[in-house]
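Residues 1 to 658 (our numbering) make up the first sequence, in order. We put the CB at the ideal spot given by N, CA and C, even for glycine.
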Amino acid sequence: MLGKILCVAEKPSIAKAVAGHLSGGSYQTANTGHTYTKNYTFDFDFGGQWGRCNVVMTCVSGHLTGVDFGPQYKSWDYPPPEALFDAEVMTLVDQDKTAIAKNIETQARGAMALFIWTDCDREGEHIGGEVRTEALKGNARIEVRRARFSNIEKVHVMHAAKNPIDLDQRQIDAVSARIELDLRIGYAFTRFQTKLIQALGGVLADTMISYGSCQFPTLGFVVDRYLRVKNFVPEKFWSIKIMHCREDIDVVFNWRRNHLFDRAVVVILFERCIAAKIAKVTKVLEKPTRKFKPYPLTTVEFQKAATSWLRMNGQTAMTIAENLYNKGFISYPRTETDRFDKGIDLKALVAKQIPDNRWGLYAQDLANGAFKQPREGRHDDKAHPPIHPIAHCEPAALNADEGKVYEFITRRFLACCSDDAKGQQTDVEIEYGDENFHTHGVIVLERNYLDVYPYHSWNNTVMLPNFTLGERFEPTEAMITDGQTSAPSYLTEADLISLMDANGIGTDATMAEHIAKIKEREYVFTRARGGGGGSNVDYAAARGRRGDRGGGRGPRGGGSARGAGNGGGGLEEFIPSKLGMALVDGYDRMELDISFSKPFLRKELELRMKAICEGTTTKQVVMCDSIRQYRRVFNDSKQRQSVLRSSCRRFVLEGAVQ
DNA sequence: GCAAGGTC
């Protein structure tokens, strides 16, 4: 009779893949009482202390538990919100996960060991801790180990199975600190500001005004850019442009000084050029150049591309990618990794695209020898490869939006496996009077990846006539040009995602949700770029539109209905509502120790989590310090609440423009 | 009625 080992992965796909590798493809499948999870049974030789064992491989579906306050904190009236900073927090298995928890508890009975196969990131470690808790309920003596793996190639999985490590309690602690702090500050401030602002009445009387450590900085980015556009003062400038026609080509030479803000100075310098009459070629440089193929695709880059090039919002794009993943067409869509692991057979993946009638010939070309190893980015989450197609998919099998996403992911992958585009560039510099001018030409010689990746273009090519170093010529024309500095643009969703990414707001899997959330709360709205008159839409009008939808919330989770239509093609840009402006303005005027509309608070939490992981501090210390800090900010906010109240009155009820 | 993070 063989000993038993229970293996638990973070999600069904990993459980199935690992079971397949360890069993050599033959395992028994049993239901668990939960729709998405299965138990796979087989034998495997773990070597060392365990030897050949009977294995049950199963999984959870993300986090097993959630946190909440006790029933005595249900009311928003009593006790006051600040009580939530000390209130006991309960950790309970989610309602819809009880069957999963029970399955682990049951399977742990009679098992010698529990092997945890959750993703090798911080959240995965915490999920591993949740799995351990359930297993120990069924078997207090079970030995708990953790498999360390960064991809699900067979060799790698086998190695992970035979070389388990321990769960990292520090990472578990770091995540549980984050969970508890987000709950306390989120609930406390949501209740505080909602009650405060609802009391103003009018359109605000029944508005939910949530606070979250990710929502507010996201709103802050939108407001910050809005104000920069609004407060922008254009400045006039002047420049000198030289034209010369040779070999029937009109060449434009641009001024090395670019432009100056003093017209009189430009006129003097221009007159000296004219007086000199003859220009002299001081530099002619021809050299090869290239346009680099893109990096392997991360989730953040996928969302930026989808919102910029595929005309859909980030949330819709993610939902579609998840569907394609669940149907087995693409790899896991939540990844920070922008380099392919050495073990992965990229050529085989390319070959799978040969049957396609859009890019099949191109894939064939790569397979026939044009294949180039993808570039290696610097990010590796050690849990998932870059997003790539894993099976060919006929267009007819997908709806329009799914088709666009699949096409993008596939073309991106083929582009990664191609050669860079190559060209020849020419730089010519001239001296004219005391001033220097330059021109730049490019000829594309080999398009390479551009042939399969229409999202990039290299069309700004300019062919230059021949110039010789040291030659002198009289320019055809010289003129003073004028212009003015222009305001930055309002944020696009891609810009917003970039800012969130750079500032550690949300994760690849949640950024789109935070953006959707601040739209749902009507802190911000989007409109087609160039639309509107430049002032933000009235908050009351926005509320009226919600009423038109029948008073209910928008379709839950159903991004596709609204996400697909972007008003016929233009890029969408983000504008704060009057309520969004009021919130940022109000909290800014309160001058709290730590700004709510900036990413500082979240960044601090991230640093504290990192410190817990590195062992330089503990969860207890972090909880104590953070709660003290939050409570102080809360008390300050309460004392200065009239400031927030008057901002809301001014922006929303009295309709101030700014 | 409130958060952010996993995942289906």
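Per DSSP, cross-strand counterpart(s) of residue 424: 288, 443
Whole-angstrom C-beta distance between residue 9 and residue 118, which should lie under 8 Å: 7 Å
Can you give the Cα-Cα distance for residue 195 and residue 185, rounded to whole angstroms? 15 Å
Run of the alpha helix (DSSP H) containing residue 659, from where it starts to where it stops: The question about residue 659 has no answer here: the residues shown for the chain are numbered 1 through 658.
Quick test of the definition: if touching needs 3 or more C-beta pairs under 8 Å, does the stretch 90-97 touch the stretch 140-150? no
If we count the other Cβ atoms within 10 Å of its Cβ and call it buried at 16 or more, is residue 314 buried or exposed? Buried: at least 16 other Cβ atoms inside 10 Å.
Please report the straight-line C-alpha distance between residue 324 and residue 70, rounded to a whole angstrom. 40 Å
Range of the contiguous alpha helix (DSSP H) that encloses residue 12: 12-23
Quick one: measure Cβ to Cβ for residue 583 and residue 181, integer angstroms, because I've assumed they're closer than 8 Å. Between residue 181 and residue 583 the Cβ distance is about 21 Å, and since that is not below 8 Å, they are no contact.
Could you tell me whether the stretch 441-459 touches the stretch 413-425, where touching means 3 or more Cβ pairs closer than 8 Å? yes
CB contact flag (residue 574, residue 643, <8 Å): Cβ atoms of residue 574 and residue 643: not closer than 8 Å.
Hey, out of 68, 454, 33, whose CA is closest to residue 99's CA? 33
How close, in whole Å, do the beta carbons of residue 76 and residue 191 come, if the pair is a contact with beta carbons under 8 Å? 5 Å
May I ask you to report which of helix, strand or coil DSSP gives residue 61? Of the three classes helix, strand and coil, the one that applies to residue 61 here is coil, per DSSP.
Going residue by residue through the stretch 238-302, where are the continuous beta strand (DSSP E) segments of at least 3 residues, counting only ones entirely within it? Listed in chain order, the beta strand (DSSP E) runs fully inside the stretch 238-302 are 249-255, 279-291, counting runs of at least 3 residues.
Proximity to residue 619 [Cα-Cα], best of 80, 154, 179: 179
Output the distance between the C-alpha atoms of residue 466 and residue 237, rounded to the nearest integer angstrom. The alpha-carbon atoms of residue 466 and residue 237 are separated by roughly 32 Å.
Going by other Cβ atoms of all chains shown within 10 Å of its Cβ, with 16 needed for buried, is residue 251 buried or exposed? A residue is called buried once 16 or more other Cβ atoms fall within 10 Å of its Cβ, and residue 251 is buried on that count.
For residue 571, which of 577, 527, 597 has the nearest alpha-carbon? 527
Classify residue 576: buried if its beta carbon has 16 or more other beta carbons within 10 angstroms, exposed otherwise. buried
Collapsed DSSP secondary structure at residue 463 in the structure displayed: coil
Please state the DSSP three-state secondary structure of residue 374. coil
Which term fits residue 101, buried or exposed, when burial requires 16 or more other beta carbons within 10 angstroms of its beta carbon? That one is buried.
The beta strand (DSSP E) with residue 90 in it runs from where to where? 89-93
State the Cα-Cα distance for the pair residue 499 and residue 221, rounded to the nearest angstrom. 8 Å
Is the stretch 586-599 touching the stretch 626-633 in the sense that three or more CB pairs, one from each, lie closer than 8 Å? yes
Rank 427, 351, 508 by C-alpha distance to the C-alpha of residue 363 and give the top, closest one. 351
If contact is defined by three or more beta carbon pairs under 8 Å, each pair taking one atom from either stretch, is the stretch 342-350 in contact with the stretch 397-405? no
Candidates 300, 219, 128: which alpha carbon is nearest residue 173's? 128
Of the choices 479, 258, 359, 82, whose alpha-carbon is the least far from that of residue 394? 359
Cutting at 6 Å between CB atoms, please list the residues of its own chain near residue 608, excluding the five before and the five after it. 622
What does DSSP give as the partner residues of residue 311 in its beta bridges? BP columns for residue 311 are empty, so no partner.
Can residue 130 and residue 64 be called in contact, C-beta distance under 8 Å? With respect to residue 64, residue 130 sits close: the two C-beta atoms are nearer than 8 Å.
Report yes or no: do the stretch 265-283 and the stretch 402-416 share at least 3 C-beta pairs separated by less than 8 Å? Cβ pair count under 8 Å is below three, so no.
Three-state secondary structure (DSSP) of residue 225: helix
For a test of the three-state rule: what should DSSP assign to residue 451, helix, strand or coil? helix
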